Every structure is written in structure tokens, then in C-alpha cells.
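Colleague:
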Amino acid sequence: MKLVTAIVKPYRLDEVKTALQELGVHGLTVTEASGYGRQRGHTEVYRGAEYQVDLVPKVRIEAVVEDSDADAVIDAIVTAARTGKIGDGKVWAVPVETVVRVRTGERGPDAL
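Counted the way our numbering counts, the sequence shown spans residues 4 to 115.
Right, here's the structure in full:
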């Protein structure tokens, strides 16, 4: 199993959720996040005063999937989240040793 994690722009969340549902991903976790990459934030003007926004709002999406589905899930997220502009985000996957469904005690793929 793999934990696929994506950091994307908040307004692309619905597109990513739809793409994952079409692939049959049944569960995911969404968390509000903030940070920066190469863009290092941006400058905004409020009431005539210019100020630096260091941390850009993002959304973190996590889903545990079978090894065989990980590449398809990553591709779906990248396609759904891409705008072609700086700050589109990142997607990565890491191995998961054990998954346990708390309610039933099921382990492994049965717990997904």
C-alpha cells in the first residue's frame, strides 16, 4: 500500500476529489495548509499599503491506495490540479506498512 499525498491550490480541490472518485478512491483526508515553494509567497496591496504574504494557502490531500493504483491516482491528481501556473503544488507517495480499520479491526487491504 502507498500513502499518496498532494499539496494543491484550494480552488482545485473539487476537481481532484471528482477525479479520485472516478478512480474508485473511497476515502481521503483533506487538511488546510499553508506554505511556499519557489514562488516564496507574493506581494499584495491592502488600503494602499503593500505587504508581503509569506505563506500561500494550500490544501493537503491524503489517500491510502493499493500499490497497483498509486501511479493512476498520482496521474489523476496531477491532471486535475494542474493550472499551468506557478504554485500548482506537489504530489508524492510513500510506502505504508500497516493499515487498521479502527471500527472492525480489519488490517491491510481489507481496511481500505
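For each residue, glycine too, the CB sits at the ideal point set by N, CA and C. Note that this is a predicted model, so its numbers are computed, not measured.
Opposite Gly38 in the DSSP bridges: which residues?
Modeller: In DSSP, Gly38 forms a bridge with Val59.
Colleague: Can you have a look at Leu58 and say buried or exposed, based on whether 16 or more other CB atoms are within 10 angstroms of its CB?
Modeller: Classification for Leu58: exposed.
Colleague: Over the uninterrupted alpha helix (DSSP H) stretch that includes Thr82, give me the two end residues.
Modeller: Its alpha helix (DSSP H) spans residues Asp70 to Ala84.
Colleague: How is Lys93 classed by DSSP in three states: helix, strand or coil?
Modeller: Of the three classes helix, strand and coil, the one that applies to Lys93 here is strand, per DSSP.
Colleague: Taking the CB atoms as reference points, tell me whether Val103 and Ala96 lie closer together than 7 Å.
Modeller: Result no, Cβ atoms of Val103 and Ala96 do not sit closer than 7 Å.
Colleague: By alpha-carbon positions, which one of Val56, Ile64 and Glu69 ends up nearest to Arg15?
Modeller: Arg15 has its Cα closest to that of Ile64, out of Val56, Ile64 and Glu69.
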